[in-house]
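Numbers 7 to 222, taken from the working numbering, label the letters of the sequence shown in order. Every residue gets a Cβ at the ideal spot worked out from N, C-alpha and C, and that includes glycine. Encoded as structure tokens, the structure appears first; notes follow it.
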Amino acid sequence: MIPVITAFESSPDRGQGLARDMRVRWALEEVGQPYEVRLVSFQSMKEPAHRARNPFGQILTYEEGDLVLFESGAIVLHIAERHAGLLPNDANARSRAIAWMFAALNTVEPPILDLAVAKFLEGDKPWTAERLELIKERICKRLHDLSVRLGDADWLDGAFSAGDLMMVHALQRLKPSGLLGEYPNLAEYVAHAEERPAFKRAFAAQLAVFAASESG
Ligand code: GTB
């Protein structure tokens, strides 16, 4: 059964791979599972057919036979549980890798998303400068702790896992801010993940969608 995911027909990030389809494309590439993509416009995402798949009218969605999922974390976990390659076999190591997925989504990513919202959606408010400073402090607190835990290891807990995949995708959004560069081992961690052939294939696939939207 070939799964079908949704992605922006024209991504606002202009092909930088920051939208949520990227993490699911990457997971599918890591496990060698082919997939199809249904492209959606901002308008069609809000229509009933799409909301039946994702109640929040967002990307992403994942369909596999009768199964319909939303939420990138749930989808990556589903893929990782059904295919070898993204979760360790040892039960405890598996639980720890899943804990890192949750850490990426619930502990590290929220202030990073706040930064994007404060800059791009609320950048004209009188309190923006103060808010940006507070958010950057919160991000740096998380980056510091993550950097200490990672140390000089390649990955967060043994072999590359779905936990690393989610963490790297959350951290990538920080590149333009320069904050990642303050933690050389984290910058190296992200760069190392970007060297993975599966990452490169997923990145190229989403970039091709953006390039086609620009030329059409
Ligand atoms: N928690 C959900 C998940 O993980 O699946 C979050 C899904 C989500 O935020 N989807 C966004 C969306 O559909 C796209 S990825 N937004 C449209 C809407 O809500 O109407 C977030 C995103 C948007 C834009 C950029 N960008 O331009 O750089 C990057 C990422």
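Nearest to ARG26 by C-alpha distance, out of MET51, VAL46, GLU77 and SER50, is GLU77. In terms of Cα proximity to LEU192, the closest of ALA214, CYS146, ALA211 and ALA218 is CYS146.
Relative to the non-hydrogen atoms of ligand 1, the Cβ of GLY79 comes within a distance shorter than 7 angstroms of at least one. Contact between the region 123–134 and the region 50–70 is absent, with fewer than three C-beta pairs closer than 8 angstroms. Per DSSP, the continuous alpha helix (DSSP H) segment holding TYR195 begins and ends at 190–200.
Between the alpha carbons of VAL10 and GLU136 lies a gap of roughly 43 angstroms.
THR134 counts as exposed, since fewer than 16 other beta carbons sit within 10 angstroms of its beta carbon. Selection ALA176, LEU213, GLU36 and ALA80 evaluated against PRO203 yields GLU36 as nearest (Cα-Cα). The Cβ atoms of LEU75 and HIS84 sit closer than 8 angstroms to each other. Comparing C-alpha distances from SER183 to each of TRP32, SER101, LEU119 and VAL215 shows the shortest one belongs to LEU119. The C-beta of SER167 has 16 or more other C-beta atoms within 10 Å across all chains shown, which makes the residue buried. For ARG137, the enclosing alpha helix (DSSP H) has its first and last residue at 134–156. Around the C-beta of ILE104, 16 or more other C-beta atoms lie within 10 Å, and the residue is accordingly described as buried.
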